[in-house]
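Residue 25 is where the sequence shown starts when you use this note's numbering, and the numbers rise one by one after that. The beta carbon of each residue, even a glycine, is placed where N, CA and C say it ideally should be.
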Amino acid sequence: MIIGTADADTNGTNSGSSHVVFGKANFAATLDVSSLDGSNGFRLDGAANDFSGASVSSAGDVNGDGFDDVIIGAPNANQSGGYYTYPGGASYVVFGKVSGFDAAMNLSSLDGSNGFRLDGSGRSRSGIEVNSAGDINGDGFDDVLIIGQSVSRYGAIFDSSYVVFGKASGFDAALDLSSLDGSNGFSLFGDSSYYGGQFNVNSAGDINGDGFDDLIIGESGADPNDTNSGSSYMVFGKASGFNAVIDLPSLDSNSDLRLDGVAAYDSSGGSVSSAGDVNGDDFDDVIIGAPGADPNGENSGSSYVVFGRNEFTDDDVIRGTPGDDNLIGTPEAERFEAGDGNDRMIGRGGADEFLGGAGDDYSRVSDLDFESVDGGIGNDVLALGGSGLNLNLTDIGDKINGIETIRLFGTGDNTLTLTAADVLNLSDTSNTLKVNGDAGDRIFGLSHGWGDGGIHDDFHTFFNDAAVLLVGINVATDFV
């Protein structure tokens with residue numbers, strides 16, 4: 025494992041050090057890193073004021089020699105002026121080997137044979153975060169990921185990150201990140217951001233199942249759905265054909281994918297990661313954090329899991345605006361992203377995903393083949409648009425969240441089956457579910473212990489511990 029101590033003063037103030045500890049079968053309860061002597065691990069030292077070790081990670085096997093390598097970020101390296109100037113930053117890849125490590129090594133001694141340096145330019149502070157990117161181009165060599173705080177382009181400040189491809193040999197002692205041309209790696213630039221530093225990047229595994237590792241990039245300061253709503257970007261791996269520069273806000277999901285936060289100040293993309301294969305369909309999934317979302321009060325936060333699949337196209341995403349929208353689907357599978365406002369989302373069949381936002385949203389399904397419904401913030405409605413449907417929350421309740429009202433009307437008689445626990449789990453903000461419908465519609469309650477609270481304002485009240493069920497007087501009820 026590798027441990028960074030960016031404020032260590034080994035080679036001068038804040039030079040930083042990183043400690044690599046070798047694995048073995050048994051460890052004592054504590055280990056003093058000053059005891060590393062080359063046989064049990066070693067130390068890697070930066071230069072004065074570099075803050076080397078601010079971020080550290082395994083790099084995978086960058087040169088394909090069978091030994092894992094490490095990468096170390098030094099975001100204060102390459103200062104063009106004094107201590108308080110904006111530095112370009114640097115990152116160091118140190119190659120693994122079978123033996124022959126000294127107790128300590130200066131990162132300045134990397135010469136291409138034992139590792140190499142990656143230099144940022146301008147005010148980018150590259151190396152503020154470093155990571156393995158997996159094998160993006162599928163050549164058998166692991167690639168590395170370097171995140172910068174900001175870089176100047178076209179007279180504005182942009183968030184930045186870089187992917188550098190691994191290879192068998194031919195590394196120079198140093199590589200300038202500005203020289204990445206698509207064949208040796210590429211640059212990723214985000215939304216214009218005065219302060220920058222809002223990138224979070226991670227390997228996504230293989231989300232589209234094509235055999236190439238993919239990237240997920242979160243930019244919490246992006247503004248697609250109002251200020252700091254945030255965006256996350258999926259960049260799919262491939263064998264070749266990478267541009268030297270990828271402008272993330274302009275991604276077209278025919279090649280890559282952008283996932284936008286729901287509401288202002290959600291900061292969606294504040295943390296991003298591979299989630300493994302959550303639903304067991306052999307596609308890796310991703311998880312996106314939105315720490316500023318307000319489902320259970322101010323800044324209670326939300327996280328979103330996006331399932332992998334073999335094809336993502338923008339044709340199946342129906343997006344709303346910050347205002348009130350009427351979004352109408354087709355019989356094909358689609359994803360509704362309503363955004364702010366009081367929105368209507370009308371599905372017409374297929375494995376649809378409904379994502380509401382701030383405001384009171386209405387989602388209508390014509391069958392039970394939908395993928396998911398999330399009403400978001402507000403008083404949200406799920407409506408059945410078909411006939412002869414049994415919406416059994418005990419079986420599919422995990423597909424539905426953020427719903428306070430269910431409408432059974434449809435085109436014929438429909439049924440809602442539930443337990444008291446389903447009522448409580450359906451909404452993050454309420455313990456009450458309101459159900460309305462026509463004569464012929466029915467609720468079947470599976471839980472014992474429902475109490476009758478009488479009729480008030482055309483709704484029959486039932487309760488079971490903390491769960492409250494308000495049923496329209498035309499809807500029949502059958503409780504066990």
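Are the Cβ atoms of residue i and residue j separated by less than 8 Å?
i      : j      : result
Gly97  : Ser148 : no
Ile312 : Val286 : no
Leu392 : Leu417 : no
Ser115 : Asp200 : no
Ser327 : Pro319 : no
Asp126 : Gly47  : no
Asn252 : Ser291 : yes
Gly6   : Asp422 : With the chain represented from 25 up to 504, any question about residue 6 goes unanswered, as that position is not in the structure.
Val154 : Asp167 : no
Glu361 : Asp284 : yes
Asn249 : Gly294 : no
Asp376 : Glu395 : yes
Ile430 : Val459 : yes
Leu169 : Ala268 : no
Helix, strand or coil for residue i per DSSP?
i      : result
Asp459 : According to the sequence as given, residue 459 is Val; it is not Asp. Note: Val459 maps to strand in three-state DSSP.
Gly496 : strand
Gly233 : coil
Gly421 : helix
Leu199 : strand
Gly220 : In this prediction, Gly220 scores a pLDDT of 46, lower than 50, which makes its location untrustworthy; the coordinate-derived value is nonetheless stated afterwards. Gly220 falls in the coil class under three-state DSSP.
His472 : coil
Tyr107 : For Tyr107, the predicted structure reports a pLDDT of 49, less than 50, and the residue's modelled location is therefore unreliable. A value from the coordinates is still provided. Tyr107 falls in the coil class under three-state DSSP.
Ser327 : strand
Pro273 : helix
Asn416 : strand
Val57  : helix
Leu68  : strand
Asp446 : helix
Asp238 : strand
Ser132 : helix
Given residue i, which residues of its chain have a CB within under 7 Å of its CB, disregarding the five upstream and five downstream residues?
i      : result
Asp271 : Phe213
Phe266 : Gly206 and Phe210
Ala128 : Phe66, Arg67 and Asp69
Ser451 : Gly426, Ile427 and Glu428
Gly464 : Asp437
Pro355 : Arg372, Gly373 and Gly374
Asp301 : Phe307, Asp308 and Asp309
Ala228 : Asp238, Leu239, Ile240, Met258, Ser298, Asp308 and Val310
Asp476 : Phe486
Ser202 : Ser145
If I measure Cβ to Cβ from residue i and keep anything under 6 Å in the same chain, skipping five residues before and after, which residues do I get?
i      : result
Phe8   : Because the chain in this structure spans residues 25 to 504, residue 8 falls outside the shown range and cannot be described.
Phe524 : Outside the shown range of the chain (25 to 504) lies residue 524, about which nothing can therefore be said.
Ser184 : Ser148, Gly172, Val175 and Phe213
Asn64  : Phe46
Gly28  : Ser42, Gly77 and Val80
Starting from the C-beta of residue i, find all residues in its chain whose C-beta is less than 8 Å away, skip the five residues before and the five after it, and write them out in chain order.
i      : result
Asn87  : Asp93, Phe119, Phe165, Gly190, Lys191, Ala192, Ser193 and Phe195
Ala72  : Asn35, Gly36, Thr37, Asn38 and Ser39
Tyr107 : Residue placement at Tyr107 cannot be trusted, given a pLDDT of 49 that sits under 50; what the coordinates show is reported in the next sentence. Asn73.
Asp502 : Arg466, Ile467, Phe468 and Gly469
Trp474 : Ala444, Phe486, Phe487, Asn488, Leu493 and Phe503
Which whole-angstrom value describes the C-beta separation of residue i and residue j, a residue pair presumed to lie in contact below a C-beta threshold of 8 Å?
i      : j      : result
Phe486 : Val499 : Actually they are not in contact, since the Cβ atoms of Phe486 and Val499 sit about 11 Å apart, beyond 8 Å.
Val397 : Phe378 : 4 Å
Arg343 : Gly363 : 7 Å
Gly365 : Asp348 : 4 Å
Ile95  : Val117 : 5 Å
Thr439 : Gly410 : Rounded, the Cβ-Cβ distance is 12 Å, inconsistent with contact.
Leu448 : Ala382 : Contact flag wrong, Cβ pair sits at about 23 Å.
Review point. Touch check for the region 254-266 and the region 339-347: three-plus C-beta pairs under 8 Å?
Key: Contact fails: fewer than three Cβ-Cβ distances are below 8 Å.
Practice item. Decide yes or no for the touch test of the region 132-145 against the region 228-235: beta carbon pairs closer than 8 Å, at least 3 of them. Key: Taking 8 Å as the limit for Cβ pairs, the verdict is that the region 228-235 does not touch the region 132-145.
Check your understanding: Okay, do the region 154-167 and the region 237-250 touch, 3+ Cβ pairs below 8 Å being the bar?
Key -> Taking 8 Å as the limit for Cβ pairs, the verdict is that the region 237-250 does touch the region 154-167.
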